[in-house]
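Per mature numbering (1 follows the signal peptide of the UniProt record, and there is no 0): the sequence shown = residues -19 to -1, 1 to 162.
The beta-carbon is built from N, C-alpha and C at its ideal position, and this holds for glycine as well.
Keep in mind it's a predicted model, so treat the numbers as computed, not measured.
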Amino acid sequence: MRKYLCLLPLLLLCLTANAQGSAIAAFNLKQAETLKFGMLALGVWALINILISSIKLTKSSRNKRYFFQMNIYWNIVNMIIAGGSLYFILSVDSSVRSLSETVAFHYWTLKLLYLSIGLDFAFLMLAAYLKERSLSSPKAEQYLGYGQSITLQGLFLLVLDITLAVLLEGRAELLLSLIQN
């Protein structure tokens, strides 16, 4: 009986490790769901923009023509980003990540989102520049249309990226508690 008592701490350690493993798996699955939601939102936004802009492009003129043209170009890139991201999210089993892999992926994702938020502000500044440039350029219609399109797309991406960053940052405390255990 005494020889089995020495196994009790080992059993408790295994149960604790198993509980932490399931908590890590749950964290990873929730993070994957959040990212999947974000990329689906981006993909749907892009698809709707491409469809509407394609129809409107044939019936528009002047700066609206350039607005719809830029929407199509911009959202082709958005579709590629959303599709590639969804492929990655769906093809990788996030529940099998170790704690160190989970921490690394979580903070890599946040860094990528913060970079994207910075780019969104750069897009909005570019849009403001194009609108200002349209006041004194022979390509006024083109600059104005492109500027309006980039403003719309930049604002949507800014809202999406901030939303994803807030959702992921809100889960960082849970990750820190997993690290401390």
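inquiry  = Using only the alpha-carbon positions, how far apart do Gly24 and Ala63 sit?
reply    = 5 Å
Please work out which residues of its chain come closer than 6 Å, Cβ to Cβ, to Arg78, disregarding the five sequence neighbours upstream and downstream, and give them in chain order. Asn9
- Item | With 16 other Cβ atoms within 10 Å as the buried cut-off, status of Gly19 | buried
- Query: Should Asn44 and Leu125 be called a contact, given that it needs their Cβ atoms to be closer than 8 Å?
  - Reply: yes
Q. Can you list, in chain order, the residues of its chain whose CB lies under 7 Å from that of Ser41, leaving out five sequence neighbours each side?
A. Phe49
Are the C-beta of Ile29 and some C-beta of chain D separated by less than 8 Å? Chain labels in this structure do not include chain D; a single protein chain is all it has.
Q. Can you name, in chain order, every residue of its own chain whose Cβ lies under 6 Å from the Cβ of Gln129, other than the five neighbours on each side?
A. Phe48
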